[in-house]
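Throughout, our numbering is defined as the position within the sequence shown, counted from one, plus 334. Quick reminder that beta carbons are idealized off the backbone N, C-alpha and C, glycines included. These numbers come from a predicted model, not from an experiment.
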Amino acid sequence: MSSRSPVKADSIPTQDPSLAPWNISSVSAHRLMELPPASTSVAMTVRWPFPTVDVPDHHHYTLGSVILAVGITGMVGNFLVMYAFCRSRSLRTPANMFIINLALTDFLMCVTQTPIFFINSMHNRWIFGEKACELYAFCGALFGMTSMITLLVIAVDRYFVITRPLASMGVMSRRRALYVMAAAWFYSMFWSLPPFFGWSAYVPEGLMTSCSWDYMTFTPSVRSYTMLLFIFVFFIPLFIIIYCYICIFIAVRSATRAVCKINEGTRDSVKSMHKMRTEWKTAKIALIVILLYVISWAPYSCVALTAFAGYADMLTPYMNSVPAAIA
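Structure follows, in structure tokens:
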């Protein structure tokens, strides 16, 4: 029988600086699964299947309580939006269908993320196992991406309605709006599924009370997924949204001046101005929603891009968890 004492998980040396935030008190779950058979004694000494971090309990409780309050508010608010849409036929326009899709994704995000995060925060660790971690992260990714793509659809829709009112009249029917929403869901699904098949992974993050895609590990697989995800799900949609609203602003300003000069004081002038202001008001509401969405995701994006650039050792569990909670 070997006289060697078992090796403790938290004493495993590593040369990869990107793993530092993941190894505060134990080895991360997906790293344990990659250990060779000769190192099975390492896995046997880990009491819990997921790592924990050494932070005061009240930090977990405070963050969990804040997320619970925000999540409940989001559930109620988005549910009321969907309820009003279902009750009123006048609201069932193609443009409003995109708003409802956005409310649905936000509602599902709150339902699938908030209770789990709160319960884990009360236990100071992830308690639901590996498969639940992957499912939790998948839901967060799917609903978050669908929200971003839906905001892109809303911006493009407002762009055509305001800048090309005659050409866009009657083009977007309810059926076509459903097709567009389905395409948004499939596009988001396309980018949410790869971690299940080995391209990156869904793992615990930050304070180890939530899960997300692995943006910390400095490997070609993880870095390529992170890079393409940001390009095709965040930056390209964001640039298109910015372009659309710049064009909308220019079109509204030009149309307002033209109408005032040509038909000043006439009934047609009043109707045209009223319609333009109505469309612009809708566009402004959508713009505010988009700005809030971008602001909420910006800190999390900065954290992920910092790890992508190879500076993951600079990130603390708080720097990972708080931006994720805000998003």
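Following the DSSP letters along the chain, one finds Pro499 inside the alpha helix (DSSP H) bounded by residues Pro499 to Ser502. Excluding residues up to 5 positions away in sequence, Met482, Ile483, Leu485 and Leu486 lie with their Cβ nearer than 8 Å to the Cβ of Pro571 in the same chain. C-alpha of Cys473 to C-alpha of Arg426: approximately 27 Å in a straight line. By the Cβ test, the region 395 to 410 is in contact with the region 445 to 454, since at least three Cβ pairs between them sit closer than 8 Å. Counting along the chain, Pro390 sits inside no beta strand (DSSP E), nor does DSSP assign it H or E at all. Cβ contact annotation for Leu563 (same chain, cutoff 8 Å, sequence separation greater than five): Trp525 and Trp547, in chain order.
One Cα belongs to Phe531, the other to Ile619, and the distance between them is close to 39 Å.
Burial check for Cys444: the Cβ neighbour count within 10 Å reaches 16 or more, so the residue is buried. By the criterion of a C-beta distance shorter than 8 Å, Phe452 is surrounded in its chain by Gly398, Ser399, Ile401, Leu402 and Gly405, once the five residues flanking it on both sides are discounted.
By the Cβ-count criterion, Ser558 is exposed, with fewer than 16 other Cβ atoms from all chains shown falling within 10 Å of its own Cβ. Distance from Met542 to Thr650 at the Cβ level is roughly 13 Å; contact not present, criterion being Cβ atoms closer than 8 Å. The three-state reading of DSSP puts Ser522 in helix, counting H, G and I together. As the crow flies, the alpha-carbon of Thr616 is around 16 Å from that of Thr590. In the same chain as Tyr470, and ignoring 5 residues on each side of it, the C-beta atoms closer than 6 Å to its own belong to Ile450 and Cys545, in chain order. Rounded to whole angstroms, Gly540 and Ala646 show a C-alpha spacing of 12 Å. One alpha carbon belongs to Ala585, the other to Asn430, and they sit about 22 Å apart. Looking at Ser588, Met456, Thr407 and Ile629, the one whose alpha-carbon comes closest to that of Ala437 is Thr407. By the C-beta density criterion, Met515 is buried, having at least 16 other C-beta atoms within 10 angstroms.
In the three-state reduction of the DSSP assignment, Ser655 falls in the helix class, which pools H, G and I. Sequence-distant partners of Cys636 (beyond 5 residues in either direction) whose C-beta falls short of 8 Å from its own C-beta, in its chain, are Pro657.
In its chain, beyond the 5 residues on either side, Cys581, Ile582 and Ala585 have a beta carbon closer than 8 Å to the beta carbon of Thr497. The Cβ atoms of Tyr579 and Leu527 do not sit closer than 8 Å to each other. Distance from Met456 to Tyr395 at the Cβ level is roughly 7 Å; contact confirmed, criterion being Cβ atoms closer than 8 Å. In the three-state scheme derived from DSSP, where H, G and I count as helix and E and B as strand, Val505 is classed as coil. Taking C-beta separations shorter than 7 Å and ignoring five residues to either side along the sequence, the partners of Phe642 in its chain run Tyr549, Arg557, Thr560 and Met561, following chain order.
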